[in-house]
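What follows is a set of notes on a single structure, which appears directly below.
There are 2 protein chains.
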Amino acid sequence: MKEEKEYVLGIDIGGTYTKLGLVNRNGDILANSFFDTQAQSSFSIFQKKIEKEISNLKSKLQKEQQLLAIGIGAPNANFNTGKMEHPPNFKWGDYVPITDSINRILDLPLTITNDANAAALGEMHFGMAKGMKDFVVLTLGTGLGSGLVSHGALITGANGMAGELGHVNVFPNGRQCNCGLKGCLETYASVTGIRRTVFELISEMNIESPLKKLSFKELSGQKISEAALNGDVIALKAFEYTGKILGSKMADTAAHLDPEAFILTGGLSNAGKILLDPIISSMEENLFNAYKKKIKVLISSSPSSNAVLGPAALAWQSLDSN
Amino acid sequence: MKEEKEYVLGIDIGGTYTKLGLVNRNGDILANSFFDTQAQSSFSIFQKKIEKEISNLKSKLQKEQQLLAIGIGAPNANFNTGKMEHPPNFKWGDYVPITDSINRILDLPLTITNDANAAALGEMHFGMAKGMKDFVVLTLGTGLGSGLVSHGALITGANGMAGELGHVNVFPNGRQCNCGLKGCLETYASVTGIRRTVFELISEMNIESPLKKLSFKELSGQKISEAALNGDVIALKAFEYTGKILGSKMADTAAHLDPEAFILTGGLSNAGKILLDPIISSMEENLFNAYKKKIKVLISSSPSSNAVLGPAALAWQSLDSN
């Protein structure tokens, strides 16, 4: 019974929304809330908003319920320094002191990592990676994020910035990436990547497609998925190309980590089998013998409303390791 | 003083020689020996030889000196199963039961891993990676082996076969690799790889070079290094090409692990600066922002006679974690 009295606060800071939740050791959410991050406004506005939300959530705790720790997932968050470093799409500065800022509101043990790392811990504690010790989570959204787990622990690296698989190279001098490099994996294997691929295919192929009616801004991952399900050749080819590239790079990641599974999450993963089939076939083709037919490729079943579970798992794991 | 009374037995099984040594916790070698592995003969011949060598070494221990454990480094050794799996250049079968075989001779706690993983532990306990928690060792010999360390522990993977960076892909449909895949990193960045590169350059360029007098069998890494040091254009270009490819793939590995350092060892690393300069320049060019100028690239200073230190470190680490 004691377990049900103990909670951690999970905070997921996204480019659009910030989500908070009180989560117990079993992954049950006692209470949660969210607010508009306003990443384009000043950081002090965010600070005021989150202070209010934290205070609201704390008031939901009964007397016998105890808040033990805080876990935060945020873009480009550095596990070691507690700062968001050069977060793209945020106007909060180059080094955002998230840890200090939250600890001023609530003085509890606090652990922070990037959103994809937090997602990996969420899968391990409460999701599809339960019982796994070695696996990789890929978040296929606007960009491509990744969380790598070995021996049941996140790989965090010497500078707290490990797991940036979105920036392994696919083609030297390939597509321009936001990060300044060219040919990064996330310029191909992400929602933005597949939109670029559709435009490339339209430019190369001379066939009809409903996607030709859409501007780049209008073209969503959802619309490409729908077109593919309706048999549109361009959309199908786009998924095939995306899966082929991602699968070959997953084979390279396997040669590093020998994972039990890759777990895919984020907008692009909603496409399901149309994406999964070319990924698996390309990965198997490129896998070193020792790994062939041994690695599962799964699509996460955790609903996106549970974005706070990852950060909460981070907090629980950090409590357990101390 | 107690420490000096405690030893482990380190065994390095190579394609040519097998080396054994009694090693204390400080990395001091009390006694060592080696013998011809005879990888092309039957496994039972090896068993008889190593039984004799182990018995000889044990007789060197004083009464108050105690042997605590065994560590083995061997090609394609599986950390989990204790077997060498499909070792190339060995005619001992597809699954060689090394652990069982050695434990029949000496019933002590035994840990086994592939030679490059053992080398990584040797560097961490007794070599250039002392004090490091996150780093990568690359052994550039006949092939390319690797040992990956995160949080001070070897990454071993779900099947005990992590760290096969020799088989990440450089070019789809590139050079044929022994493993059956095409374009693997070790077909470019290894002693064999640079020999292939020299032959490719000779076929493409129409200039004089002392290397043109040598057959593929005669062309050693040493001879390419010597030619490069004498200003031979083909040899210099071969090192540049090798370094460029290896450096770009090290940038991809950095995007996985955010390592403090890469430590290079094995025959090709003897070339020193001629190899190091193009590696560093290519790696930096391809590194994601978060890692630029933060990663050391070092050439191991451990003499090759100390091949038993890696396996010994494995034994010590395994004792400490139990």
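These protein sequences, in sequence, are chains A and B. Residue 1244 is where the first sequence starts when you use our numbering, and the numbers rise one by one after that. Residue 1244 is where the second sequence starts when you use our numbering, and the numbers rise one by one after that. Quick reminder that beta carbons are idealized off the backbone N, C-alpha and C, glycines included.
- The beta carbon of A1556/A does not come within 8 Å of any beta carbon belonging to chain B, so the residue lies off that interface.
- Listed along the chain, the chain B residues whose CB falls inside 7 Å of the CB of V1411/A are D1495 and A1498.
- No Cβ of chain A is located within less than 8 Å of the beta carbon of N1357/B.
- In this model, K1537/A and A1550/B are separated by some 32 Å (Cα to Cα).
- Here the stretch 1404–1420 of chain A makes no contact with the stretch 1474–1485 of chain A; the two share fewer than three CB pairs at distances below 8 Å.
- Note that the C-beta distance between G1464/B and G1510/B is below 8 Å.
- By the Cβ-count criterion, T1496/B is buried, with 16 or more other Cβ atoms from all chains shown falling within 10 Å of its own Cβ.
- Secondary structure in the stretch 1475–1559 of chain A: the beta strand (DSSP E) runs of 3 residues or longer, each lying completely within the stretch, are 1504–1508 and 1539–1542 in chain order.
- Fewer than three beta-carbon pairs drawn from the stretch 1510–1524 of chain B and the stretch 1438–1446 of chain A are found closer than 8 Å, and the two stretches are therefore not classed as touching.
- Taking CB atoms only, S1561/B has no neighbour in chain A less than 8 Å away.
- Here K1262/A carries a strand assignment [DSSP, helix/strand/coil].
- Taken atom to atom, the span from the alpha-carbon of G1253/A to that of G1400/A is near 23 Å.
- Per DSSP, the unbroken alpha helix (DSSP H) holding D1343/A starts and ends at I1341 to I1348.
- At least one C-beta of chain A is nearer than 8 Å to the C-beta of P1502/B.
- DSSP places G1403/A outside both helix and strand once states are collapsed to three, so it counts as coil.
- M1375/B is not bridged by DSSP to any residue.
- Here the C-alpha atom of S1525/B lies approximately 15 Å from the C-alpha atom of A1504/B.
- Nearest C-alpha to L1263/A among N1299/A, G1403/A, A1282/A and N1269/A: N1299/A.
- The C-alpha of N1402/B is placed about 14 Å away from the C-alpha of V1392/A.
- As a beta-bridge residue in DSSP terms, T1382/B pairs with G1388/B and T1508/B.
- Annotation for F1277/A: the continuous beta strand (DSSP E) segment containing it runs I1272 to D1279.
- Among the residues facing chain B, L1454/A is not included, as its CB has no counterpart in that chain under 8 Å away.
- Residue nearest to K1492/A within the set E1451/A, C1427/A, P1453/A and A1533/A is C1427/A (criterion: CA-CA distance).
- Interface annotation, N1532/B: in contact with chain A, CB-CB separation under 8 Å.
- At the C-beta level, A1533/A and E1407/B come within 8 Å of one another.
- Close partners of A1372/A in chain B (Cβ separation under 9 Å) are lacking, with about 11 Å as the shortest Cβ gap.
- Taken in chain order, the whole beta strand (DSSP E) runs of length 3 or more contained in the stretch 1274–1325 of chain B are 1309–1316.
- If you check each beta-carbon in the stretch 1388–1408 of chain B against every beta-carbon of chain A, the ones closer than 8 Å belong to L1391, S1393, H1394, A1396, I1398, T1399, G1400, A1401, N1402, G1403, M1404, A1405, G1406, E1407 and L1408.
- Comparing C-alpha distances from S1276/A to each of F1286/A, S1285/A, K1292/A and G1270/A shows the shortest one belongs to K1292/A.
- Inclusion of L1541/B and D1377/B in the CB contact set at 8 Å is not warranted, their separation being larger than that value.
- Excluding the 5 residues flanking it on each side, L1311/A has same chain C-beta neighbours closer than 8 Å at E1249, Y1250, V1251, L1351, P1352, A1558 and L1562, in chain order.
- Between the C-alpha atoms of K1455/B and V1434/B there is a straight-line separation of about 18 Å.
- For D1255/A, the enclosing beta strand (DSSP E) begins and ends at E1249 to I1256.
- Restricting attention to V1266/B, T1280/B, L1265/B and R1268/B, the CA atom closest to the CA of I1256/B is found in T1280/B.
- Counting other Cβ atoms within 10 Å of its Cβ, Q1305/A stays below 16 and is therefore classed as exposed.
- In the three-state reduction of the DSSP assignment, M1367/A falls in the helix class, which pools H, G and I.
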